[in-house]
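**Student:** Residue numbers (full-length UniProt numbering): 1 to 304. We put the CB at the ideal spot given by N, CA and C, even for glycine. Remember, predicted model here, so these are calculated numbers, not experimental data. The structure is given below, and queries will be raised subsequently.
The following block contains the structure:
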């Protein structure tokens, strides 16, 4: 495996999606070309130093030049690499289509639920290969991170921040048909994207607090009196959303640091993530295959 160059206590990471490809105004320290038991991540993991002197990680989900389709993203390698660096919490940004009238293009949503409509193409678990486990996913996102984000809603310009909602995860790369879009709307879906699954599921298995920030670019395809979503529609909104994502991140970062790095502060509540591993695995470690033990040890060196 590639060296982490001594960076093994990176407690916080940002995963950038369409519209957020870098972190501005932070000191860049290193670019880590990591290998994992699950292959290489989407690209180098970038290490930055905050104004408070803490080190954080950034990873572009689709690669530095947006060269990966949603189904091609190496989700397991991405999460494993961040866990290997010591990451305890992730804020993940993603462009989405709106399924509700009150969520306009340019608005942000902090979802609290997911409906998985992917099609089994993506590797979506660290279990298997001689290790049987089933993690709890009833609450897919982390309430503590959600609360911190919502407290920073004033950082957005000309944009609303919606608390809660159901995120539909579709396979792609094609956008929804009108019938599909109306179906998801009838289910109570708030927004739709192509990358929340398996990213959120893998973060849960890796015992990482995870919250996605959804940035609306369009109304998907359910509005009968307007053209359905297209790449051109999405591109028109990306620049504005990217600027607002940077504003929101700048506002929330000190609050996340206070929770994760300041020993005098109450840490983010990890009660829903910290016991996932021990409560999920059904079989004794001595019955787990050597290959799988090696893989899990990459993320959990003190437990395997």
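#1: Return the CA-CA distance between residue 131 and residue 251, expressed in angstroms with no decimal places.
#2: Locate the beta strand (DSSP E) running through residue 211, then write down its first and last residues.
#3: For residue 187, is the classification buried or exposed, using 16 other Cβ atoms within 10 angstroms of its Cβ as the cut-off for buried?
#4: Could you give the residue range of the beta strand (DSSP E) that holds residue 134?
#5: Fully enclosed by the segment 109-169, which alpha helix (DSSP H) runs are 4 residues long or longer?
#6: If we ignore side chains and look at the alpha-carbon of each, how far apart do residue 99 and residue 184 end up?
#7: Report buried or exposed for residue 230, applying the criterion of at least 16 other Cβ atoms within 10 angstroms of its Cβ.
#8: Can you check the segment 21-47 for any beta strand (DSSP E) of at least 3 residues that lies completely inside it and give the ranges in chain order?
#9: Compute the Euclidean distance between the alpha carbons of residue 35 and residue 151, then round it to the nearest angstrom.
#10: With 16 other CB atoms within 10 Å as the buried threshold, where does residue 128 fall?
#11: According to DSSP, simplified to helix, strand and coil, what is residue 100?
#12: Expressed to the nearest angstrom, what Euclidean distance is found between the alpha-carbon atoms of residue 303 and residue 297?
#13: By alpha-carbon positions, which one of 243, 239 and 206 ends up nearest to residue 79?
#14: Between the segment 275-294 and the segment 14-26, are three or more C-beta pairs nearer than 8 Å?
**Tutor:** Based on what the coordinates show:
#1: For the purposes of this step, residue 131 is taken as the residue at position 131 of the chain shown. For the purposes of this step, residue 251 is taken as the residue at position 251 of the chain shown. About 41 Å.
#2: Taking the first residue of the chain shown as 1, we reach residue 211 at position 211. Segment 209-218, the beta strand (DSSP E) holding residue 211.
#3: Along the chain shown, one-based indexing puts residue 187 at 187. With fewer than 16 other Cβ atoms within 10 Å, it is exposed.
#4: The residue given as residue 134 occupies position 134 in the chain shown. Element bounds for residue 134: n/a, residue is neither H nor E.
#5: 143-150
#6: Counting from 1 along the chain shown, the entry for residue 99 is found at position 99. Counting from 1 along the chain shown, the entry for residue 184 is found at position 184. Looking at the two C-alpha atoms, the distance is approximately 7 Å.
#7: In the chain shown, counting from the first residue as 1, residue 230 sits at position 230. Exposed.
#8: Annotation: the segment 21-47 contains the following complete segments of the beta strand (DSSP E) (minimum length 3 residues), in chain order: 27-32.
#9: On the chain shown, residue 35 is found 35 positions in, with the first residue counted as 1. On the chain shown, residue 151 is found 151 positions in, with the first residue counted as 1. So the alpha carbons of these two residues sit roughly 37 Å apart.
#10: Locating residue 128 in the chain shown gives position 128, where the first residue counts as 1. Burial call: exposed.
#11: Here residue 100 is taken as the residue at index 100 of the chain shown, counted from 1. Residue 100: coil per DSSP, three-state reduction.
#12: Counting from 1 along the chain shown, the entry for residue 303 is found at position 303. Counting from 1 along the chain shown, the entry for residue 297 is found at position 297. Residue 303 and residue 297: Cα-Cα distance of roughly 7 Å.
#13: For this step, residue 79 is matched to residue 79 along the chain shown. Of the candidates 243, 239 and 206, the one whose C-alpha sits nearest the C-alpha of residue 79 is 206.
#14: no
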